[in-house]
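Asker: One structure follows; several queries about it will come next.
Chains as they are written, first to last, in the working numbering: chain A, 2 to 165; chain B, 23 to 75.
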């Protein structure tokens with residue numbers, strides 16, 4: 002069965018257009034800043050205030066978000082209470098996979114990471130993206146072969162951008 | 023191509039252009055997965071994604 006057409010770019014832009022405060026993290030953040038990687042999902046850290054989670058829930062409903070990896074016919078959708086916590090929500094949406102993360106390595110949440118972000122424009126929307134250098138710092142403690150490979154790519158990209 | 027690298031080529035694009043390039047690559051990977059699964063059904067057991075990419 003073929004997958005429906007998906008666009009992580011449009012998913013990101015629509016999330017930004019919803020007014021939800023979030024930071025793009027993970028491999029797509031590196032891609033946006035020039036790292037030669039390919040990723041199949043969007044990773045974001047959202048601000049966990051009640052008002053912001055309300056906007057996020059509304060957006061997630063608009064893209065038919067439900068948890069990935071469940072048996073066919075078993076649909077579980079994210080709740081407001083769950084999104085107020087610091088857990089990870091690995092979701093499928095009508096525009097592609099979306100990982101909504103309350104906090105990442107070291108328990109760092111939106112407010113902790115915001116100073117280490119830059120702004121890019123996507124489909125006319127402003128999107129805050131975690132800096133390459135911070136992404137590399139987050140990978141430095143990882144031990145998997147994949148993470149070590151990604152770290153080497155991030156470091157080379159940082160070097161070629163003059164150390165941004 | 024001289025000493026021009028893939029990173030240099032990507033850095034010459036806008037962030038949105040880089041994201042759209044990723045979209046195209048991701049679609050190609052998905053097409054390959056579907057094609058491979060159709061040809062080799064016993065390899066099609068990968069779930070639709072229960073872990074972070």
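Glycine is no exception: its CB is placed at the ideal position from the N, C-alpha and C atoms. All values reported here derive from a predicted model rather than from experimental measurement.
State the DSSP-derived secondary structure class of residue 160(A), mapped to helix, strand or coil.
Answerer: For this step, residue 160(A) is matched to residue 159 along the first chain. Helix, per DSSP.
Asker: So the beta strand (DSSP E) residue 43(A) belongs to, where does it begin and stop?
Answerer: Walking along the first chain from the start, residue 43(A) turns up at place 42. Residue 43(A) -> beta strand (DSSP E) spans 43–47.
Asker: Apart from the five residues on each side of it in sequence, which residues of its chain come closer than 8 Å, Cβ to Cβ, to residue 24(B)?
Answerer: As a first step, residue 24(B) must be located in the second chain, where it is residue number 2. Note that residue 24(B) scores a pLDDT of 38, beneath 50, so its modelled location is shaky; the value from the coordinates is reported in the next line. Excluding residues within five positions, none has a Cβ falling inside 8 Å.
Asker: For residue 12(A), which residues of its own chain have a beta-carbon under 8 Å away from its beta-carbon, when the five flanking residues on both sides are left out?
Answerer: The count along the first chain starts at 1 and reaches residue 12(A) at position 11. These residues qualify, in order along the chain: 43, 64, 94, 96, 97 and 99.
Asker: Can you look up residue 26(A) in the DSSP assignment and give me helix, strand or coil?
Answerer: If you number the first chain from 1, residue 26(A) lands on position 25. In this structure, residue 26(A) counts as strand in the three-state DSSP scheme.
Asker: Determine, using beta carbons only, whether residue 28(B) comes closer than 7 Å to chain A.
Answerer: Along the second chain, one-based indexing puts residue 28(B) at 6. Answer yes: the Cβ-Cβ gap between residue 28(B) and chain A drops below 7 Å somewhere.
Asker: Show which residues of chain B have a CB atom less than 9 Å away from the CB atom of residue 105(A).
Answerer: Numbered from 1 along the first chain, position 104 holds the residue referred to as residue 105(A). What residue 105(A) touches in chain B: nothing, since even the nearest Cβ is about 10 Å away.
Asker: By Cβ distance below 8 Å, which residues in the same chain neighbour residue 14(A) in space, the five residues on each side in sequence not counted?
Answerer: In the first chain, residue 14(A) corresponds to position 13, counting from 1. So the list reads 123, 124, 125, 126 and 128, once near-sequence residues are dropped.
Asker: Would residue 30(A) and residue 119(A) qualify as a contact pair, given that the criterion is a beta-carbon distance under 7 Å?
Answerer: For this step, residue 30(A) is matched to residue 29 along the first chain. For this step, residue 119(A) is matched to residue 118 along the first chain. Contact flag unset, no.
Asker: Any idea what DSSP makes of residue 1(A), helix, strand or coil?
Answerer: Past the edges of chain A, shown from 2 to 165, lies residue 1(A), and the structure says nothing about it.
Asker: Which bits of chain B does residue 153(A) rub up against, with CB to CB less than 7 Å?
Answerer: In the first chain, the residue the question calls residue 153(A) occupies position 152. Near residue 153(A) there are no residues of chain B at all, since even the closest Cβ is about 12 Å away, more than 7 Å.
Asker: Give me the chain B residues within the contact set of residue 122(A), using Cβ-Cβ distance strictly less than 9 Å, ordered along the chain.
Answerer: On the first chain, position 121 is the one that residue 122(A) refers to. In chain order: 36, 37 and 38.
Asker: Does the distance from the C-beta atom of residue 36(A) to that of residue 154(A) stay below 7 Å?
Answerer: To locate residue 36(A), count along the first chain from 1; it is residue 35. To locate residue 154(A), count along the first chain from 1; it is residue 153. Yes, they are a contact pair.
Asker: So for residue 24(B), helix, strand or coil by DSSP?
Answerer: In the second chain, counting from the first residue as 1, residue 24(B) sits at position 2. Only weak support is given to the placement of residue 24(B): the predicted model assigns it a pLDDT of 38, under 50, and the value that follows is read from those uncertain coordinates. Annotated three-state conformation of residue 24(B) is coil, per DSSP.
Asker: Output yes or no for whether 7 Å exceeds the beta carbon distance between residue 73(A) and residue 92(A).
Answerer: Here residue 73(A) refers to the residue found at position 72 when the first chain is read from its first residue. Here residue 92(A) refers to the residue found at position 91 when the first chain is read from its first residue. Against a cut-off of 7 Å, the Cβ pair of residue 92(A) and residue 73(A) comes out as no contact.
Asker: Counting only Cβ pairs nearer than 8 Å, list the residues of chain B close to residue 37(A).
Answerer: Taking the first residue of the first chain as position 1, residue 37(A) is located at position 36. Under the 8 Å cutoff, chain B gives 28, 29 and 32.
Asker: For the 8 Å Cβ check, are there 3 or more pairs between the segment 137–151 of chain A and the segment 44–55 of chain A?
Answerer: no
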